[in-house]
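K.L.:
Pasting a structure below so you can have a look.
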Amino acid sequence: MGVGLTLGACKDDGGGQESAEDDTGTGTEATDDGADTTTGGITGTGDSTGEPPPEITWEFEDVFGVPNFDDDDENGQVDWNQFIFDGEDDHTVVALPAVPAGYSLELSMVGDLAHARAWFGQQLVGAGNGESVESATVPLPADEPSEVMVEFGDDYVGAVLTLTLLDPEGVIAASDSILLRSSPLILNHHLQPTEHVWVVQVDAGFGSNASMVAEYADVLGDQFTAVPGASYGFDV
């Protein structure tokens, strides 16, 4: 479940006692020992700058990626069998928003842990070196966006990754779970009947294939899809 969170700012109520207000005008009094106030579903500390409280949107899209079977660093090893490195291009990025200082990220994964993993820097969950890592907690940088990299080691792998935001006291501030799925391996042969037809629809100065596209759509119905794209010198 994705949520939007607001860090509450404290202000002086004029009587020497600080109070925290949310957008509705209601607040929670601060304790005498200086404990953090809670508002908007997340714990925040007092702020005397007058700046509006930052909002954190903790919601992420499902990941659909490809198996990492190539050798981007050209060292003779399949990239899946190595730690993450610069120049790798078969990872899918999950962008994390900036959070205040002291927050941390808990990553946990269920499903095919032998063929899927997620990286935060050099820390991973999922497929490790001979064993699976189900969960890990890492500190997040202060006031800077960060990212989690998702990687697959086989075709049509399925897993679920949960990203949990923890406040400085280790209390859950937000959590979201996303599906991880790698592309399937599809094998066809020349005697297999066509199951679906895609056609690049062209409407340029030199001509148009609109009549052909219309005929395909009329005959094939749901088994036909027209897609936009460049003609590449009549080779569509």
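Residue numbers (this note's numbering): 5 to 240. Every residue gets a Cβ at the ideal spot worked out from N, C-alpha and C, and that includes glycine. None of these values were measured; they are calculated from a predicted model.
Would you give the residue range spanned by the alpha helix (DSSP H) that SER215 belongs to?
P.N.:
As a working mapping, residue 215 is identified with position 211 in the sequence shown. Its alpha helix (DSSP H) spans residues 214-224.
K.L.:
Using a 10 Å radius around the Cβ and a threshold of 16 neighbouring Cβ atoms, would you call VAL152 buried or exposed?
P.N.:
Mapped onto the sequence shown, residue 152 falls at position 148. It is buried - the Cβ of VAL152 has at least 16 other Cβ atoms within 10 Å.
K.L.:
Is it the case that the Cβ atoms of LEU183 and LEU109 are separated by a distance below 8 Å?
P.N.:
Stepping through the sequence shown from its first residue, residue 183 is reached at position 179. Stepping through the sequence shown from its first residue, residue 109 is reached at position 105. Contact flag unset, no.
K.L.:
Between the alpha carbons of ASP76 and ASP180, how many angstroms are there, rounded?
P.N.:
On the sequence shown, position 72 is the one that residue 76 refers to. On the sequence shown, position 176 is the one that residue 180 refers to. Their Cα atoms are separated by approximately 31 Å.
K.L.:
Can you find the residues in the same chain that come closer than 8 Å, C-beta to C-beta, to GLN126, ignoring five residues on each side of it along the sequence?
P.N.:
Position 122 of the sequence shown, counted from the start, is the residue given in the question as residue 126. These residues qualify, in order along the chain: PHE87, ILE88.
K.L.:
Are VAL161 and HIS95 close, meaning C-beta to C-beta below 8 Å?
P.N.:
Against the sequence shown, residue 161 aligns to sequence position 157. Against the sequence shown, residue 95 aligns to sequence position 91. In this structure, HIS95 does not lie closer than 8 Å to VAL161 by Cβ.
K.L.:
Using the beta-carbon count (16 or more within 10 Å), is PRO71 buried or exposed?
P.N.:
As a first step, residue 71 must be located in the sequence shown, where it is residue number 67. Burial call: buried.
K.L.:
Assign GLN86 to one of three DSSP states: helix, strand, or coil.
P.N.:
By one-based count along the sequence shown, residue 86 stands at place 82. Coil.
K.L.:
Which of the three DSSP states, helix, strand or coil, is assigned to GLN227?
P.N.:
The sequence position of residue 227 within the sequence shown is 223, counting from 1. Reduced to three states, the DSSP call for GLN227 is helix.
K.L.:
Does ASP76 come out as helix, strand or coil in the three-state DSSP assignment?
P.N.:
Within the sequence shown, residue 76 is the residue found at index 72, counting from 1. Coil, per DSSP.
K.L.:
Keeping to the same chain, check which residues put their C-beta closer than 6 Å to that of ASP66; ignore five residues upstream and five downstream.
P.N.:
Along the sequence shown, read from residue 1 onward, the residue named residue 66 stands at position 62. Excluding positions up to five away in sequence, the list reads ILE182, LEU183.
K.L.:
Taking the straight line between their C-alpha atoms, what separation do you get for PRO197 and VAL204?
P.N.:
Here residue 197 corresponds to residue number 193 of the sequence shown, with the count starting at 1. Here residue 204 corresponds to residue number 200 of the sequence shown, with the count starting at 1. Those two C-alpha atoms are separated by around 21 Å.
K.L.:
Got a sec? Which residues, its chain only, sit under 7 Å from GLU92 by beta carbon, not counting five neighbours each side?
P.N.:
Residue mapping note: residue 92 aligns to position 88 of the sequence shown, counting from 1. These residues qualify, in order along the chain: ASP76, ASP83.
K.L.:
Helix, strand or coil for LEU191, going by three-state DSSP, please let me know.
P.N.:
The count along the sequence shown starts at 1 and reaches residue 191 at position 187. LEU191 sits in coil when the DSSP states are folded into three classes, being neither helix nor strand.
K.L.:
Give me the DSSP bridge partner(s) of GLN81.
P.N.:
Numbered from 1 along the sequence shown, position 77 holds the residue referred to as residue 81. In the DSSP output, where bridge partners are listed per residue, GLN81 has none listed.
K.L.:
So, under 8 Å CB-CB, PRO172 and GLY106 are touching, yes? Tell me the CB distance rounded to an integer number of Å.
P.N.:
Locating residue 172 in the sequence shown gives position 168, where the first residue counts as 1. Locating residue 106 in the sequence shown gives position 102, where the first residue counts as 1. Confirmed, about 3 Å.
K.L.:
Can you list, in chain order, the residues of its chain with a C-beta nearer than 6 Å to that of PHE68? Leave out the 5 residues immediately preceding and following it.
P.N.:
Translated into positions along the sequence shown, residue 68 becomes position 64. Counting only Cβ-Cβ distances below 6 Å, and skipping sequence neighbours, we find ARG185.
K.L.:
Does DSSP put THR41 in a helix, in a strand, or in coil?
P.N.:
Here residue 41 corresponds to residue number 37 of the sequence shown, with the count starting at 1. In this predicted model, THR41 has a pLDDT of only 32, less than 50, meaning its place in the structure is not dependable; the value taken from the coordinates is given anyway. Here THR41 sits in strand by DSSP.
K.L.:
Can you find the residues in the same chain that come closer than 8 Å, C-beta to C-beta, to ALA39, ignoring five residues on each side of it along the sequence?
P.N.:
Within the sequence shown, the letter at position 35 stands for residue 39. At ALA39, the pLDDT of 37 sits below 50, so the modelled position is not reliable; the number obtained from the coordinates is stated separately. None.
K.L.:
Which value, in whole angstroms, describes the spacing of the CA atoms of ALA163 and ASN133?
P.N.:
On the sequence shown, residue 163 is found 159 positions in, with the first residue counted as 1. On the sequence shown, residue 133 is found 129 positions in, with the first residue counted as 1. Cα atoms of ALA163 and ASN133: separation of roughly 18 Å, rounded to the nearest angstrom.
K.L.:
Using the Cβ count rule (16 or more neighbours within 10 Å means buried), how would you classify VAL175?
P.N.:
Residue numbering aside, residue 175 sits at position 171 when the sequence shown is read from its first letter. Looking at its Cβ environment, which holds fewer than 16 other Cβ atoms inside 10 Å, VAL175 is exposed.
K.L.:
Just curious, the beta strand (DSSP E) that GLY115 is in, first and last residue?
P.N.:
For the purposes of this step, residue 115 is taken as residue 111 along the sequence shown, with counting starting at 1. GLY115 -> beta strand (DSSP E) spans 108-115.
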